[in-house]
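Trainee:
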Amino acid sequence: MAFSRDGNVPPLVHELAALIPSPFFSLDTVISKSGQLRLIELGDGQVSDRKKWSPDRFAAMLQSQL
918 MAFSRDGNVP PLVHELAALI PSPFFSLDTV ISKSGQLRLI ELGDGQVSDR KKWSPDRFAA
978 MLQSQL
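Residue numbers for the sequence shown follow my numbering, beginning at 918 and rising by one.
See the structure below:
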């Protein structure tokens, strides 16, 4: 399952998330100059932070998975 701060998870992120056998991880993406979404980093979540997620939204996302 994939989540995003604004609720809009691109199809590429869903495809990549389905391939990762881990209950918690982070994917960092960027839109290239040509407009293509690209994966730039896959992390195990150990050094991730909320970035621009509000604390309430982030906690609700985690709570929804219990």
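By construction, the Cβ of each residue, glycine as well, lies at the ideal position given by its N, Cα and C atoms.
In terms of residue numbering, what span does the alpha helix (DSSP H) encompassing residue 945 cover?
Mentor: Here residue 945 is taken as the residue at index 28 of the sequence shown, counted from 1. Residue 945 -> not in any alpha helix (DSSP H); beta strand (DSSP E) instead, spanning 943-948.
Trainee: For residue 931 and residue 964, I'd like the C-alpha separation in whole angstroms.
Mentor: As a first step, residue 931 is located in the sequence shown; it is residue number 14 there, counting from the start. As a first step, residue 964 is located in the sequence shown; it is residue number 47 there, counting from the start. Inter-residue distance for residue 931 and residue 964 is about 22 angstroms (C-alpha atoms, whole angstroms).
Trainee: What residue does the beta strand (DSSP E) around residue 954 start on, and which one ends it?
Mentor: Residue mapping note: residue 954 aligns to position 37 of the sequence shown, counting from 1. Its beta strand (DSSP E) spans residues 954-960.
Trainee: Within the continuous alpha helix (DSSP H) that includes residue 978, where are the two ends?
Mentor: Residue mapping note: residue 978 aligns to position 61 of the sequence shown, counting from 1. Residues 972-980.
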